[in-house]
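A.B. asks:
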Amino acid sequence: MSPRIQLLPPQLVSQIAAGEVVERPASVAKELVENALDAGARQVEVEAEQGGVKLLRVRDDGCGIGRDELLLALARHATSKVASLEDLERVASMGFRGEALPSIASVARLELVSRAVEAPQAWCIEPPAQQPAPAAHPVGTRVTVRDLFYNTPARRKFLRSERTELAHIDTLVRRLALARMEVAFRLSHNGRDLLQVRPAEERAEQERRLAALLGPAFLEQALYLEQEAGGLRLTGWVARPVFARAQADMQHFYVNRRMVRDRLVSHAIRQAFADVLYHGRHPAYVLFLELDPRLVDVNVHPSKHEVRFREGRMVHDFLFRTLERALALPKAGTAGPPASAPSAATVPWPLPL
Ligand SMILES: Nc1ncnc2c1ncn2[C@@H]1O[C@H](COP(=O)(O)OP(=O)(O)O)[C@@H](O)[C@H]1O
Ligand SMILES: [Mg+2]
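Reading the sequence shown from the start, the letters are residues 56 to 408 in this note's numbering.
#1: Starting from P271 and walking both ways along the alpha helix (DSSP H), at which residues does that stretch end?
#2: Cβ of D115 versus every heavy atom of ligand 1: is any distance shorter than 6 Å?
#3: Where do the N-terminal and C-terminal ends of the alpha helix (DSSP H) with Q410 fall, by residue?
#4: Under 7 Å Cβ to Cβ from N206, same chain only, skipping five residues before and after it: list those, please.
#5: In the DSSP output, what is P189 paired with across the bridge?
#6: How do the stretch 294-304 and the stretch 348-356 stand: do at least 3 beta-carbon pairs fall below 8 Å, yes or no?
#7: With DSSP as the reference, label E366 as helix, strand or coil.
#8: Can you give me the start and stop residues for the beta strand (DSSP E) that L342 sits inside?
#9: Determine the direct distance from the alpha carbon of L289 to that of A387, and round the result to whole angstroms.
#10: Please name the residue or residues paired with D352 in a DSSP beta bridge.
#11: CB of A234 to nearest heavy atom of ligand 2: below 6 Å?
#12: Please check the pair A160 and S169, which I expect to be a contact at CB under 8 Å, by giving their CB distance rounded to whole angstroms.
#13: Checking the sheet assignment: what are the DSSP bridge partners for H337?
#14: Would G291 and V238 be called neighbours here (beta carbons separated by less than 7 Å)?
#15: With a CB to CB cut of under 7 Å and the five nearest residues on each side skipped, what residues in its chain are close to E86?
#16: By Cβ distance, which residues of its chain are closer than 8 Å to A416, with the 5 residues on each side in sequence left out?
#17: Using 8 Å as the cut-off, can you tell me whether the stretch 308-322 makes contact with the stretch 224-234, which would need three or more C-beta pairs spanning the two stretches below that distance?
#18: What residue range does the alpha helix (DSSP H) around T219 cover?
#19: For ligand 1, is there a heavy atom less than 6 Å away from the beta-carbon of T196?
#20: If the criterion is Cβ atoms closer than 7 Å, does the pair A383 and L280 meet it?
#21: For H307, report the span of its beta strand (DSSP E) as first-last.
#22: Looking at the structure shown, is S57 part of a helix, part of a strand, or coil, going by DSSP?
#23: State buried or exposed for G270, treating a residue as buried only when at least 16 other CB atoms are found within 10 Å of its CB.
#24: One question on the structure: do G119 and A84 come within less than 7 Å of each other, judged by their Cβ atoms?
#25: Taking a contact to mean a Cβ-Cβ separation below 7 Å, would you say H192 touches A103 in this structure?
#26: Below 6 Å CB to CB, which residues in the same chain sit around S358 once its five sequence neighbours on both sides are set aside?
Shown next, in the form of structure tokens:
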């Protein structure tokens, strides 16, 4: 007899989806902070308890969610960010799958409180309740996630120590804070403040923020660069080869402000450093690539860490040539400016490509 085929219950479907995006507390933080950024927040606060397993809360001052849409925000495949294939192909928001909130709600206890701009008050929804209840909150959103994986013990076993989970959250918040210099971020753990950065507009402010997020040593050896060609724009900071590291732990690359880990990108950067770096050392950088969103596919994996460039070859060459020239300029590769230098050395741009 052939096996009976049946539709999975919705809760299980969400738990399966959660398997792809909710690996640990830091992944919950990523989804919630990205939602806050998509909502236009200028201030994002992340609060964690016990490595984010007991509690992870993200509060923002973004556009909020109206009472009538609160329940929908927790439904699968419900999103305000795309409505058609056309939208998807040029998506600029961090989210678009409409799966994060329902996935998180299927593996933890979630409470969503929000007040939309112009709404007279805030509303709260806490599954399994189906009706919003009145709440007190300024314009913006607060999502609280408690007891991660309480109902999926097999997943819970993969969690590491409180310290390790916190380290992942800390790294994640720093990575997002690097990409959104115009947004204030705050991170606390067990009631203690760990990180607080203010919005940074001018380059000098941005570099102070960079030093706060990555440490002053990086900045002392950093070259600032800015290059544009053929619809591609690369800006950011790359450390001189003397700052090369034993681990690949200071490599921050963003495509249209989304952090990505991409083989083509890493390859181009490694190649640019090939002649100036000792074998086994890793370059350090914070780089932002901007291009028409239609030329890059972010819908490769649910976690959205991978991207696919339509003109991969062109992107590779642009990155390689821009970085290689920056590193080959006189003085690059030698000792950096004195520790008290106010800002990173500037490479004269634009360079003829
Ligand atoms: N912090 C927030 N501020 C405003 N709206 C939010 C926030 N978080 C979630 N939402 C709303 O809930 C919807 C569902 O969120 P989510 O499940 O993360 O899916 P996605 O981000 O892919 O759209 C979003 O499209 C958005 O409309
Ligand atoms: Mg989202």
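Each residue gets a CB set at the ideal place from its N, CA and C atoms; glycine is no exception.
C.D. replies: By the coordinates alone:
#1: Note, P271: alpha helix (DSSP H), 271-275.
#2: yes
#3: This structure gives no information on residue 410, because the portion of the chain shown stretches from 56 to 408.
#4: V162
#5: P189 is bridged to W178.
#6: no
#7: In the three-state reduction of the DSSP assignment, E366 falls in the coil class, being assigned neither a helical nor a strand state.
#8: Looking at the DSSP string, the run of the beta strand (DSSP E) that includes L342 is 340-345.
#9: Its pLDDT being 43, under 50, A387 is placed unreliably in this model, and the value from its coordinates should be taken loosely. Looking at the two C-alpha atoms, the distance is approximately 18 Å.
#10: R363
#11: no
#12: With 8 Å as the limit, A160 and S169 do not qualify as a contact, their Cβ atoms being about 15 Å apart.
#13: R300, per the DSSP bridge assignment.
#14: For G291 and V238, no; Cβs fall outside 7 Å.
#15: V76, A155, I159
#16: Given that the chain is displayed from residue 56 to residue 408, the structure contains no residue 416 and the question cannot be resolved.
#17: yes
#18: 217-234
#19: yes
#20: No.
#21: 306-310
#22: coil
#23: That one is exposed.
#24: no
#25: Against a cut-off of 7 Å, the Cβ pair of A103 and H192 comes out as no contact.
#26: V76
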